[in-house]
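Take the sequence shown: its position 439, counted from the start at 1, is 518 in this note's numbering, and no numbers get skipped. Only one structure is covered here, and it is reproduced in the block below.
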Amino acid sequence: MAFDATEIFNKKIDGSVLLELQRRERLVAGITRDEDFKKWNYKKYCYVSATGTGVNKSKTICAGTMTIGDGSINALAGLDLYESEGDIRRNLPILKSVDIQSDGGQNIEEATMWDVKVNFDVFTISQLNRAEAAFMRVQNEVNIDFGWRGEASAANSGTLTGTVFNFGFSANQDGSFSCNFSIVGENKLFAGETLEGVPDVTAEDVKTDTDEPVALPGLIDSINKRHKKNFALPAGEEFTATNAAAGTITLAADDSNYALANVPAAKSPGMLSFFSSDTEDLFVPYVTLGELVRQTNELMKDGDGESSYTIKCDATTTIGKYAPKLFSADPVEILLGGDMANYGIGAENEMKFGDTLTEFQGDNADLSKIYLAIPLLTRLFNEAKAENKKGSTSTAPNTKIYFRKVFEKIEQLTGGLYQLVWYQDAEAGGDIAYIVNKRPGYGGGKIDGTFPFKVLGETSIIRGMSLNSVFDTNIAMAANSSARSGGTVDIPESMWSSLYSDCDKSPNPVVKTKVTEDQLEAQKKSYGEGYDASIVEAAGEILKRYIVQNQDKIGDEFKSAPCQFELSVTLDGIWGIPFYSRFKVDRLPKSYGDNLYFVTTGINHTFDGQGGWETQITGQMQVRL
């Protein structure tokens, strides 16, 4: 089945999970008072166990094997309930609780990963020794098995595998030990490699066709050398006006993934100091996002040409809206395509980059063709490297951290038009990372198949429900500032009227003075007269305000916007509800109307070690515009 980016953020609850939820509604309603009715309503009992596999991921530390379960696990396995320590009979180890949690909220990278916390007791020093070898060594592999006894559906049982990253124990006065360990699902270690050791050409080979794999310190060296090679620039020489005419951009003859722009000095008096002297034209080298990804994939291959995962970024996975009136707030760092790359329109010193960068056309844009300035990538590389964990000896940053910084910069300079994130399908093995756009219509599909939870009534399977506002700090500060000054905070009128359906129209002070398309055009023209950091900042603010005010114009597949509300529902344990699946509930304030649904961003499974299993689903509210 082909990858479909539009199905990532708005999945259906279907298959065995949907059938199980519907079955439970029938069972609690007592439509038929058969054995299944009795078993589910009065006899259900959950099992849970933790097993140390004897494998340590570091391959340098030995690991022990051991299984710890609740009391029923031990009894059903035919194990003795006691063992001796001297003349004293002691209980077998017993698992007290397990908490399996994923709570990434809007961070898709984290929301599809599991954190598991396990608490258990051991009663002899020999048990502690075995438990230490199995569960209390960093990077030991552990399996967690759980499910409802006697229930055949796949939604009623599950297995997780992870590695230990934390542990501890305390001694009790009766001679027992209270122990704990935490594991992280293997997929959470995704993108843990560092960006060093990339196959590349040597400096001496820059002008040749040699492509022998030579280990170099890292990604930036590779990009710089390949850029100069593709522009046939001899080693040690710099670009001049002969390489690119003023106000234009040139694509490398051999590889359109590389580009060189000539920004006249008059246009960027405040920006030149970052790159060169303030009396010379600024020659900015660029590389596409897609090429950055390709080289990263090459870099992560081992000596056998294999890697633990592959990043995908192309016209099928990484797409966005082509909005010719919008642009990058700083073309010296990021360039888009088509009319989005033309600046200084009508001014003497125009920058007509869009005449060459023609990949953005029609309704959709291939975001793998975003051009990133190599000096920007270098700066972000060094920033990410500084964030490596304490004790790391790596000379390069973590892959995920680095790309997150790149994505943040793209989002910042496009005013939030392009919101790129990692996505890996944990259920499919997680060996492919897709770079997708979170913007509605591109990272989310049509709204259908939304599961309706009933809060009350004979078919209700919910144990509890709660809704909370989760306005972030920036919005709170903006609201406070607005209240003090008598102003307002940007809210699209369509969102307000869609959320509060009982209002005839949005109140007057909902939206600040709107940013017009004429203002956007004037901002683009100003770049032709010279720009500096203050103009970049102002442009970023104008773009952001325009996009917030016009959510319903951005994304044509469907129109929705996140509302700063989260809703949680708790039900009897169930396994397999997809992250970013859609659901709704039937008891909300009347004013919210019928235009709301929720997208699952957090799932928490709690096992009490006494046969109980609860699943809490947390969803972010979405408003249909």
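C-beta atoms are modelled at their ideal positions from N, C-alpha and C, and glycine is treated no differently.
Asked: Give the straight-line distance between the Cα atoms of Gly652 and Leu98, rounded to the nearest whole angstrom.; Found: 15 Å
Asked: Report the residue from Val201, Asn303, Gly264 and Val243 whose alpha carbon sits nearest the alpha carbon of Ser255.; Found: Val201
Asked: Return the first residue and the last residue of the beta strand (DSSP E) that Glu220 is part of.; Found: Asn219 to Trp227
Asked: Output yes or no for whether 7 Å exceeds the beta carbon distance between Asp149 and Leu174.; Found: yes
Asked: Does the Cβ of Ser352 have 16 or more other Cβ atoms within 10 Å, making it buried, or fewer, making it exposed?; Found: Summary for Ser352: the model assigns pLDDT 42, below 50, so the residue's position carries little reliability, and this model does not support an answer.
Asked: In terms of residues, what are the limits of the beta strand (DSSP E) holding Ser407?; Found: Run containing Ser407: none; DSSP gives neither H nor E here.
Asked: Less than 7 Å between C-beta atoms, sequence neighbours within five positions excluded: which residues of the same chain meet that for Ala617?; Found: none
Asked: Keeping to the same chain, check which residues put their C-beta closer than 7 Å to that of Leu415; ignore five residues upstream and five downstream.; Found: Phe406, Ser407, Phe439 and Ile449
Asked: Check the DSSP bridge columns for Gly247 and list the partner residues they point to.; Found: Asn259
Asked: Tell me which same chain residues have a C-beta within less than 7 Å of the C-beta of Pro403, skipping the five on either side of it?; Found: Gly417, Asp418 and Met419
Asked: DSSP three-state label for Ile711, please.; Found: Within the shown structure, residues of the chain are numbered from 80 to 704, placing residue 711 beyond reach of any answer.
Asked: Assuming Asn303 and Asp334 make a contact with CB atoms under 8 Å, what is their CB distance in whole Å?; Found: With 8 Å as the limit, Asn303 and Asp334 do not qualify as a contact, their Cβ atoms being about 14 Å apart.
Asked: If I measure Cβ to Cβ from Thr287 and keep anything under 7 Å in the same chain, skipping five residues before and after, which residues do I get?; Found: With a pLDDT of 30 at Thr287, under the threshold of 50, the modelled position of that residue is not reliable, and the figure given next carries that caveat. There are no such residues.
Asked: For Ala270, which residues of its own chain have a beta-carbon under 6 Å away from its beta-carbon, when the five flanking residues on both sides are left out?; Found: Because Ala270 carries a pLDDT of 40, less than 50, the predicted location of this residue cannot be relied on, and the following value inherits that uncertainty. Excluding residues within five positions, the ones whose Cβ falls inside 6 Å are Thr478 and Lys479.
Asked: Keeping to the same chain, check which residues put their C-beta closer than 7 Å to that of Gly109; ignore five residues upstream and five downstream.; Found: Phe116
Asked: Under three-state DSSP, which class holds Lys196?; Found: strand
Asked: Find the nearest neighbour of Tyr606 within the set Ser647, Glu429 and Ile87, judged by alpha-carbon distance.; Found: Glu429
Asked: In angstroms with no decimal places, state the Cα-to-Cα distance between His306 and Phe432.; Found: 18 Å
Asked: Taking the straight line between their C-alpha atoms, what separation do you get for Ile541 and Thr649?; Found: 6 Å
Asked: Count the other CB atoms within 10 Å of the CB of Asp445; is the residue buried (16 or more) or exposed (fewer)?; Found: buried
Asked: Quick one: Cα of Asp93 to Cα of Asn235, how far?; Found: 15 Å
Asked: For Ile140, which residues in the same chain have their Cβ closer than 6 Å to its Cβ, ignoring the five residues on either side in sequence?; Found: Arg216
Asked: Looking at C-alpha atoms only, which residue of Val515, Leu646 and Phe686 is the closest neighbour of Pro668?; Found: Leu646
Asked: In whole angstroms, what separates the C-alpha of Gln180 from that of Tyr124?; Found: 21 Å
Asked: I'd like to check one pair, Ile262 with Thr242: are the Cβ atoms closer than 7 Å?; Found: yes
Asked: Just verifying my parser: in three-state terms, what is the DSSP assignment at Trp501?; Found: strand
Asked: Does the distance from the C-beta atom of Asn198 to that of Asn251 stay below 7 Å?; Found: no
Asked: Which whole-angstrom value is the C-beta distance of Val372 and Ile390, which I expect to be below 8 Å?; Found: 5 Å
Asked: Going by Cα to Cα distance, which pick from Gly543, Gly536 and Arg483 is closest to Ile514?; Found: Arg483
Asked: Taking the straight line between their C-alpha atoms, what separation do you get for Phe677 and Gly698?; Found: 5 Å
Asked: What residues match up with Ile531 in a beta bridge as DSSP calls it?; Found: Here residue 531 is Pro; the residue named in the question, Ile, does not match the sequence. Answer is Lys663.
Asked: For Ile87, which of helix, strand or coil comes out of DSSP?; Found: coil
Asked: Would you say Thr679 and Glu104 are within 7 Å of each other, going by their C-beta atoms?; Found: no
Asked: Taking the C-alpha atoms as reference points, what is the distance between Ser137 and Tyr388?; Found: 18 Å
Asked: For Ile413 versus Leu492, is the C-beta distance shorter than 7 Å?; Found: yes
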